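Remarks on the structure that follows.
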Amino acid sequence: LAKTTQPISMDSYEGQEVNITCSHNNIATNDYITWYQQFPSQGPRFIIQGYKTKVTNEVASLFIPADRKSSTLSLPRVSLSDTAVYYCLVGDYGAGSYQLTFGKGTKLSVIP
Amino acid sequence: ETGVTQTPRHLVMGMTNKKSLKCEQHLGHNAMYWYKQSAKKPLELMFVYSLEERVENNSVPSRFSPECPNSSHLFLHLHTLQPEDSALYLCASSQVGLDTQYFGPGTRLTVL
Chain V
37 LAKTTQPISM DSYEGQEVNI TCSHNNIATN DYITWYQQFP SQGPRFIIQG
87 YKTKVTNEVA SLFIPADRKS STLSLPRVSL SDTAVYYCLV GDYGAGSYQL
137 TFGKGTKLSV IP
Chain Z
79 ETGVTQTPRH LVMGMTNKKS LKCEQHLGHN AMYWYKQSAK KPLELMFVYS
129 LEERVENNSV PSRFSPECPN SSHLFLHLHT LQPEDSALYL CASSQVGLDT
179 QYFGPGTRLT VL
């Protein structure tokens with residue numbers, strides 16, 4: 037299983053761009069990188085997923101370098117409601133395979 | 079109801095009690111998961127059911143017993159739990175062969 041490492045916490049002011057990096061040195065060829073967001077006492081919510089290069093959706097961008105040993109979640113112009121724990125997840129989602137690894141998560145605090 | 083629902087949301091039980099957690103998904107998925115989230119620890123995958131068959135059992139103590147009667151319902155039967163089993167238990171579902179997991183709100187379990 038690919039182990040992930042993330043910063044434990046980050047602070048940011050409202051309106052700023054936030055970048056959270058996840059290290060996954062042992063990522064396997066078939067592994068995808070997925071980020072989830074979790075508010076207190078709620079289940080995680082899918083944010084974005086990628087395999088290589090860059091992926092963007094209406095919520096965030098995900099940057100993955102060529103060696104895929106790390107990835108960076110970018111949240112543009114954060115607001116107070118973005119205060120949450122962000123998890124980096126590396127796993128092979130191919131049919132019949134359920135090897136998942138959650139990081140410890142990064143607690144993002146957005147300051148007014 | 080939509081999404082993934084879990085009942086009860088909160089549960090307090092003694093070590094000699096027997097209780098069950100229920101999860102229901104309304105997304106037409108055919109894979110369901112149980113996770114455990116303890117304070118200051120990463121999410122731990124406990125059980126995976128794919129097409130109503132258990133495909134993953136990550137060394138979970140036998141005092142936790144899952145049941146998947148159909149693709150929409152998942153249960154976690156609890157008996158003779160220990161105080162260290164107190165945690166947030168999360169259910170998730172996905173489509174086999176695809177990857178995004180949708181989580182329920184969780185059951186906050188306290189074992190006295």
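Here the protein sequences come in this chain order: V and Z. For the first sequence, the residue numbers in the working numbering are 37 to 148. For the second sequence, the residue numbers in the working numbering are 79 to 190. Glycine included, each C-beta is placed from N, C-alpha and C at the ideal position. The structure presented is a predicted model; accordingly, all values stated were derived computationally and were not measured.
So with CB distances below 9 angstroms, who are the chain B contacts of residue i?
{"i": "V:G51", "result": "Although the question refers to chain B, the structure presented lacks it and instead comprises the protein chains V and Z."}
Taking Cβ-Cβ distances shorter than 8 angstroms, what residues in chain Z pair up with residue i?
{"i": "V:K88", "result": "Near V:K88 there are no residues of chain Z at all, since even the closest Cβ is about 15 angstroms away, more than 8 angstroms."}
{"i": "V:Q42", "result": "By Cβ distance, chain Z contributes nothing, its closest Cβ being about 10 angstroms from V:Q42, past 8 angstroms."}
Could you list which residues in chain Z have their beta carbon closer than 9 angstroms to that of residue i, in chain order?
{"i": "V:K140", "result": "K118, K119, P120"}
Assuming residue i and residue j are in contact, meaning their beta carbons sit under 8 angstroms apart, how far apart are those beta carbons, in whole angstroms?
{"i": "Z:Y167", "j": "Z:W112", "result": "7 angstroms"}
{"i": "V:T65", "j": "V:F82", "result": "V:T65 to V:F82, Cβ: 23 angstroms. No contact."}
{"i": "V:Y122", "j": "V:L98", "result": "About 12 angstroms; that fails the 8 angstroms criterion."}
{"i": "V:M46", "j": "V:T142", "result": "6 angstroms"}
{"i": "V:I147", "j": "V:Y72", "result": "Actually they do not touch by this definition, with Cβ atoms about 23 angstroms apart."}
{"i": "Z:L187", "j": "Z:A165", "result": "6 angstroms"}
Indicate whether at least one CB of chain V lies closer than 8 angstroms to the CB of residue i.
{"i": "Z:T178", "result": "yes"}
{"i": "Z:L89", "result": "no"}
Span of the beta strand (DSSP E) holding residue i?
{"i": "Z:E131", "result": "131-135"}
{"i": "V:G86", "result": "81-86"}
{"i": "Z:K119", "result": "First-last for Z:K119: undefined, no H or E at that position."}
{"i": "V:G56", "result": "Looking at the sequence itself, residue 56 of chain V is Ile, so the reference to Gly does not match. Looking at the DSSP string, the run of the beta strand (DSSP E) that includes V:I56 is 54-59."}
List the residues of chain V that residue i touches, going by C-beta distances under 9 angstroms, in chain order.
{"i": "Z:G184", "result": "S77, Q78, G79"}
{"i": "Z:F181", "result": "Y72, Q74, Q78, G79, P80, R81, F82"}
Could you name the residues of chain V that residue i contacts, counting a contact when the two beta carbons are closer than 7 angstroms?
{"i": "Z:L168", "result": "G79"}
Let me see if you follow: with CB-CB separation under 8 angstroms, is residue i close to chain Z or not?
{"i": "V:I56", "result": "no"}
{"i": "V:A131", "result": "Legend: pLDDT at V:A131 = 48, less than 50; position of this residue unreliable, no value from coordinates given."}
Per the contact definition of three or more C-beta pairs closer than 8 angstroms, is the stretch 93-103 of chain Z in contact with the stretch 122-139 of chain Z? no
Does the stretch 44-56 of chain V come into contact with the stretch 99-110 of chain V, if we say contact requires no fewer than three beta-carbon pairs (one atom in each stretch) closer than 8 angstroms? yes
Segment contact, 8 angstroms Cβ cut-off, at least three pairs: the stretch 147-164 of chain Z with the stretch 86-101 of chain Z: yes
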